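Comments concern the structure below.
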Amino acid sequence: MDERGKKYMISNDKDFHSDFGFIKKEDIEKSEEGQILKSHMDKEFKVLKRDVNDYIQLMERRCSILLPKDVGIIMAYTGLGAGSVVVEGGTGAGTTALYFGNVVGDQGKVYSYEIREDFAQIAEKNVNGFGLENVEIKCKDMKEGIEEKDVDLIFLDLPKPWELVEGVKESLKVGGYLAAYNPYIEQFQILNKVLNKHDLKDIKTVECIFREMELKNKGTRPKTRMAGHTGYLTFARKL
């Protein structure tokens, strides 16, 4: 991370170049977490061990992604934890698969279905780049059938999640959760009706609005810019 707070993902096998100068690969190889390295322009860079948020911020993606505020609500509402099994519909760049895989740990498993081959390839590259071995990307149409059974959580980031409710109910274990992300009211209205018809329980739809506070010498106030509406999250449970 440079003096401006800008982050970079770097490799140990080549020199690092930026508008703040370059750092030799030999210096990178010998560096330790927390150490300060200087470029040939005498600019300072702090060495950090990337976490999942750093990685997602810098990884390749060609589509919009869920924000941490929504992912956090999904994990909190469904009790996701170490050893959980997750199935996802709509991989995109692999963001939620990375978050889920990071949380369920080595004893857990994440299976992510993506119909677009180009997205699936990028997601697999991103998952491998972070080093997770508990995430499997499947370039398949989830509507053709969910292969996994006794699943703790099925997360759907799809335009018509109601088309999969019957298969979701069959694949969930008793006590397992469905979570669906949709940007429009009409989508979760239809989904709620279908969930009720299939006798799923604890059905609720929420919207998470995240507002950071601004602290200055003149006073404290909410920031004028905020992460407002991104989408609606619908939850249901098989009981």
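In the numbering used here, the protein residues as written are 23 to 261. Note that CB positions come from ideal geometry on N, CA and C, so glycine has one too. All of these numbers come straight from a predicted model, not from anything done at the bench.
Do residue i and residue j have their CB atoms nearer than 7 Å?
i, j, result
"Gly-153", "Gly-130", "no"
"Lys-260", "Val-196", "yes"
"Ala-249", "Leu-222", "no"
"Lys-28", "Lys-36", "no"
"Val-157", "Ala-202", "no"
"Leu-88", "Thr-117", "yes"
"Tyr-199", "Thr-100", "yes"
"Asp-179", "Gly-112", "yes"
"Val-74", "Val-108", "no"
"Lys-245", "Glu-236", "yes"
"Asn-204", "Tyr-135", "no"
"Glu-51", "Asn-34", "yes"
"Phe-232", "Lys-65", "no"
"Ile-58", "Lys-68", "yes"
"Ile-168", "Gly-151", "no"
"Tyr-61", "Ile-78", "Reading off the sequence, residue 61 comes out as Ser, not Tyr. Not a contact, by the Cβ cut-off of 7 Å."
For residue i, which beta-bridge partners are listed by DSSP?
i, result
"Asn-204", "Tyr-254"
"Met-235", "Pro-244"
"Val-157", "Val-132"
"Asp-35", "Answer is none; Asp-35 lacks a bridge partner."
"Arg-259", "Tyr-199 and Lys-223"
"Ala-249", "Phe-232"
"Asp-24", "Phe-67"
Check for me: the alpha helix (DSSP H) holding residue i runs from which residue to which?
i, result
"Lys-191", "187-193"
What residue range is occupied by the uninterrupted beta strand (DSSP E) comprising residue i?
i, result
"Ala-174", "The question names Ala, but residue 174 in the sequence shown is Asp. Segment 173-178, the beta strand (DSSP E) holding Asp-174."
"Pro-244", "241-244"
"Asp-163", "Note, Asp-163: premise wrong, no beta strand (DSSP E); not H, not E."
"Glu-229", "223-229"
Tell me, to the nearest whole angstrom, how far the beta carbon of residue i is from that of residue j; I am working on the premise that it is less than 8 Å.
i, j, result
"Ile-144", "Glu-82", "6 Å"
"Val-173", "His-220", "That pair is no contact at about 16 Å."
"Glu-185", "Cys-161", "Actually they do not touch by this definition, with Cβ atoms about 19 Å apart."
"Phe-42", "Met-63", "6 Å"
"Ala-115", "Asn-148", "6 Å"
"Thr-256", "Leu-213", "5 Å"
"Ile-176", "Leu-194", "6 Å"
"Glu-146", "Ile-159", "5 Å"
"Phe-284", "Cys-85", "Here the chain has residues from 23 to 261 only, and residue 284 is not among them."
Between residue i and chain B, is there a C-beta pair that is closer than 7 Å?
i, result
"Asp-76", "The structure shown contains no chain B, having only a single protein chain."
Segments assigned beta strand (DSSP E), at least 3 residues, entirely inside the segment 98-138: 107-111 and 131-135
Completely contained alpha helix (DSSP H) runs for the segment 39-92, where each covers 4 or more residues: 47-52 and 74-80
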